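Taking it in order: structure first as structure tokens, then the write-up.
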Amino acid sequence: MHGIHFIQDLAVVLVVAGVLGWFCQRIGLSVVVGFLVAGIVAGPKSPAFALVQDAASIETLAQVGLVFLMFAIGLGLSLRKMRRLGPGLMLATFGGAIVMYYLSRLLGAALGWSSTEGLFLAGMLMVSSSAIIGKILHETGTNHERSGQLAMGISVLEDVVAVVMLTLLNSIVKIDAGGGEQVGRTLFQLGAFVVLGGVLGLLLVPWLLKRMSIAANEELQTLGLAALLFGMAVVAVQAGYSPALGAFLLGTIIAETSHRNQVERTFEGMKNIFSAVFFVAIGMQIDAHELWGAAGLIVGIAAFTLVARPLAVTSALALSGTQLKDALRTGLTGTPIGEFSFIIAQLGVTTAVVPPRFYPIAVGVCLLTTLVAPLLTRHSEEIADAMLRRQPRWLADWAGAYLGWLDGLQQRRSRNLLWQLSRKRLIQVGVGMLFVTGVVVFSGQFFSMAETWIGRDRLFPHDLELFFGATLVLLILAPLVAIWGNISAMAMLYAEFSTKGHPHAQRLRTLVETVLKIIAGGGMFVWLAAIQPAEGQWVLLFSAVVAGVALLVLRRKLIYWHSEMEVELISVIETGDKKMTATTAPWLQPHGEWNLHMIDCTLPDIADCQGKKISELGLRSRFGCSVVGIERQGFMIPLPPPEAVLFPRDKVLLLGTSEQVTAGKAFLGVVSGASGSDS
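Mapping of the sequence shown onto the numbering used here: residues 11 to 689, in sequence order.
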């Protein structure tokens with residue numbers, strides 16, 4: 011009976027993963043290491059046990075685990091968090107990836123590998139694992155520190171780097187020709203997909219969640235959210251991306267709403283189970299004999315990764331203006347590689363452009379870096395302090411002067427009136443262009459879905475094409491009008507500033523404004539011509555007629571609709587900013603001069619401290635740490651009084667030195683079973 015065999019395999023996977031995960035946790039390692047080892051031990055390629063009979067079913071469940079895992083990571087890293095981390099984070103991410111790319115190519119050349127093998131090695135090592143780093147940060151309690159937030163932000167942005175790298179490698183193996191132009195086009199289309207999904211999601215998902223909370227009970231809300239989650243994963247796949255991207259995008263959208271804590275609580279159990287299955291499935295693909303045969307290469311490349319990745323990330327962050335200590339700690343945290351490295355290695359092996367040893371190398375390096383990463387993360391502050399004490403005097407002076415120059419540059423930019431007036435409009439133009447590009451580029455997938463659900467030629471020939479084209483035009487017309495309005499305003503603004511003080515300023519201003527509008531209009535024409543579909547020219551002609559008529563009749567309405575949409579988006583984000591949670595508390599700022607750390611601790615259901623007042627626990631007298639906040643059912647209680655009572659599932663925020671908060675967290679998490687027996 012196939013069903014019984016599947017249940018048996020799942021039971022074996024969960025038991026072995028639980029035992030080895032518990033063992034790794036007891037000795038201070040990440041549970042991810044235990045899950046990977048569980049896959050090696052129980053998988054079909056295990057030389058000793060081979061406990062799992064149907065690995066394909068487990069791999070299917072692993073895809074479900076990847077979706078839940080990336081959804082949870084998205085919930086923990088919202089747009090407002092990314093905004094607080096600063097605009098330099100994106101530049102630092104891509105700068106670090108470029109440094110790591112060239113260092114990896116040098117390693118490949120030193121090993122005597124071909125150019126293609128070096129390229130695949132660079133693809134494997136230049137991106138970290140957001141799933142593994144997220145787990146390590148949570149387990150080590152550093153997810154609230156600035157270095158942890160930077161590491162998580164970089165690892166998520168490196169997923170974009172991984173998508174671009176996969177496109178380049180696809181062109182190398184003749185799967186998707188196009189070379190450098192194709193890489194740039196893919197990056198632009200990816201940005202368009204993210205903006206399109208983000209805008210539509212921020213407009214629709216909060217409204218949908220609100221309606222569900224009013225009209226449905228908690229069970230139906232869970233079903234609806236699960237359907238929405240897997241639906242977003244399918245949409246991402248239909249657009250040509252990983253299902254993890256859709257799940258992560260939905261997580262970041264829900265993180266901006268007041269439903270975040272409810273959703274986290276609802277999906278926590280499923281996320282824990284299926285994410286463990288995901289890592290076990292990765293381990294099951296490893297042949298222990300191949301792993302042992304490549305042991306020398308694995309150790310050498312892992313050692314290189316543990317040195318090169320911190321060097322690349324630290325240097326990129328330091329050049330972007332991050333304090334050197336935070337940059338060092340972030341670099342030490344972002345060492346483990348993971349799921350995208352496996353995909354890149356598997357691509358090369360299956361297409362026979364790299365030797366079969368690449369896959370065990372990828373998994374082995376992941377295993378070793380994941381093994382070492384928790385130790386580096388826990389001791390990152392001590393390592394960073396030791397390195398800073400030993401840095402040459404000239405380097406410290408140069409770093410201080412460079413940061414001062416960046417601060418001065420930032421202040422000059424903040425005093426620049428032209429930049430202040432045009433900054434918001436430039437962002438609106440960029441977002442609008444990506445939104446329109448997303449709608450047009452992915453219109454083929456939208457049309458295929460509409461054709462499947464509705465059918466065609468029901469009313470008259472080509473009815474679906476005409477209705478779809480008209481709807482598409484009406485959808486993008488408002489953003490296009492807004493883009494042109496912003497361009498016109500900036501043309502007038504730049505003309506005013508450029509001709510100020512000129513004796514013929516009035517006539518010259520009109521000329522400059524007209525020239526700028528002509529250049530911008532030509533650029534818009536080239537852009538729209540580049541993204542339009544190649545087929546169905548008569549449909550495009552019909553759509554152009556509809557656009558012209560709508561522009562004449564509905565121009566004011568289109569501007570009003572776009573402004574309403576913009577106000578709604580801003581209100582969703584600002585509402586999330588006003589909500590006080592453990593991750594948005596105002597005291598979560600760097601206080602390195604005080605040697606203070608913030609850590610959160612979720613109380614178990616039968617914790618010994620439940621039902622007791624804070625004053626009764628004596629945390630300050632015993633360990634030296636203080637309770638500075640309690641997050642309960644999604645609401646923050648800042649600076650609770652000593653009489654405040656702790657309840658199960660409270661998320662308690664502790665403030666103190668690293669040793670103090672660690673000891674306090676261990677004390678609050680004690681479960682002796684006495685409370686349960688009394689009841």
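Just so it is clear, CB atoms sit at the ideal spot from N, CA and C, and this is done for glycine as well. As the structure is a computational prediction, the values presented were derived from the model and not from experiment.
DSSP bridge partner residues for residue i (one or two, in chain order)
| i | result |
| --- | --- |
| L664 | I609 and V637 |
| P648 | G639 |
| K623 | V655 |
Selected residue, minimal CA-CA separation from residue i, among the options
| i | options | result |
| --- | --- | --- |
| L259 | V244, E392 and T667 | V244 |
| N496 | L485, P471 and A530 | A530 |
| S668 | L210, M136, E392 and I108 | E392 |
| S631 | P614, R270, G666 and A161 | G666 |
| I296 | T150, F352, L428 and D64 | F352 |
| Q643 | L649, P650 and F657 | F657 |
| L167 | A141, K145 and W302 | A141 |
| A328 | L649, F645, A172 and L413 | L413 |
| V204 | F452, W302 and I224 | F452 |
| E155 | L436, K527 and A337 | A337 |
| L398 | L482, E274 and R339 | R339 |
| M80 | A202, D64, T152 and E278 | E278 |
Through-space distance from residue j to residue i, alpha-carbon basis
| i | j | result |
| --- | --- | --- |
| S157 | F445 | 32 Å |
| W404 | A107 | 27 Å |
| R319 | M100 | 16 Å |
| L678 | N227 | 33 Å |
| A236 | A72 | 16 Å |
| G358 | F130 | 7 Å |
| L24 | V215 | 34 Å |
| L331 | W408 | The sequence as given places Gly at residue 331; Leu does not occur at that position. When rounded, the distance between both Cα atoms is 13 Å. |
| F288 | V74 | 8 Å |
| F628 | V637 | It should be pointed out that residue 628 corresponds to Gly in this sequence rather than to Phe. Those two C-alpha atoms are separated by around 10 Å. |
| F535 | A492 | 15 Å |
| W597 | S625 | Unreliable placement is indicated for W597, whose pLDDT of 41 sits below 50; the coordinate value is still reported in the next sentence. About 22 Å. |
| T380 | K510 | 60 Å |
| A246 | W415 | 42 Å |
| I464 | Q231 | 27 Å |
| L20 | G28 | 12 Å |
| F98 | I14 | According to the sequence provided, residue 98 is Gly. The question's Phe does not apply to it. Roughly 53 Å separates the two Cα atoms. |
| A286 | V51 | 15 Å |
| L321 | S252 | 29 Å |
| C611 | A313 | 33 Å |
| H389 | W302 | 30 Å |
| L482 | G454 | 11 Å |
| L316 | T70 | 32 Å |
| T462 | Q516 | 58 Å |
| M590 | Q272 | Caution applies to M590, whose pLDDT of 42 falls short of 50 and renders its modelled position unreliable; the value that the coordinates give is listed next. Rounded to the nearest angstrom, the two C-alpha atoms are 15 Å apart. |
Distance CB(residue i)-CB(residue j) smaller than 7 Å
| i | j | result |
| --- | --- | --- |
| P489 | G442 | yes |
| I541 | V671 | no |
| V323 | G344 | yes |
| G84 | G208 | no |
| H269 | L210 | no |
| M134 | I354 | yes |
| S165 | S124 | no |
| G105 | A326 | yes |
| L342 | L386 | yes |
| A305 | I371 | no |
| F507 | L428 | yes |
| A447 | A202 | Just to set this straight, residue 447 is Thr in the shown sequence, not Ala. Their beta carbons are under 7 Å apart, which means T447 touches A202 by this criterion. |
Close Cβ partners of residue i (< 7 Å) along its chain, the five nearest in sequence each way excluded
| i | result |
| --- | --- |
| S432 | M500 and L503 |
| A478 | The displayed chain sequence assigns Phe, not Ala, to residue 478. Answer for F478: F457 and A460, listed in chain order. |
| G686 | With a pLDDT of 45 at G686, under the threshold of 50, the predicted position of this residue should be treated as unreliable, and no value is reported. |
| M280 | F78 |
Own chain residues within Cβ distance below 6 Å of residue i, not counting five before or after
| i | result |
| --- | --- |
| K623 | E653 and V655 |
| L30 | G44, V47 and A48 |
| P614 | V681 |
| M136 | A107, M110 and Y111 |
| R36 | none |
| V41 | G31, C34 and Q35 |
| K284 | Rather than Lys, the amino acid found at residue 284 in this sequence is Phe. If we look at F284 and ignore the five residues flanking it on each side, its Cβ neighbours are V74, G75 and F78. |
| S67 | F16 |
| L113 | A318 |
| Q599 | Only weak support exists for where Q599 lies, its pLDDT of 47 falling under 50; the coordinates are left without a value. |
| F633 | Q670, A673 and G674 |
Proximal residues to residue i (C-beta, below 8 Å), its chain only, five neighbours per side dropped
| i | result |
| --- | --- |
| P384 | G38, L39, S40, I146, E149 and T150 |
| V171 | T103, F104, A107, M136 and V137 |
heavy atom of the ligand COA below 6 Å from residue i C-beta
| i | result |
| --- | --- |
| F452 | No copy of the ligand COA occurs in the structure displayed, which carries no ligand at all. |
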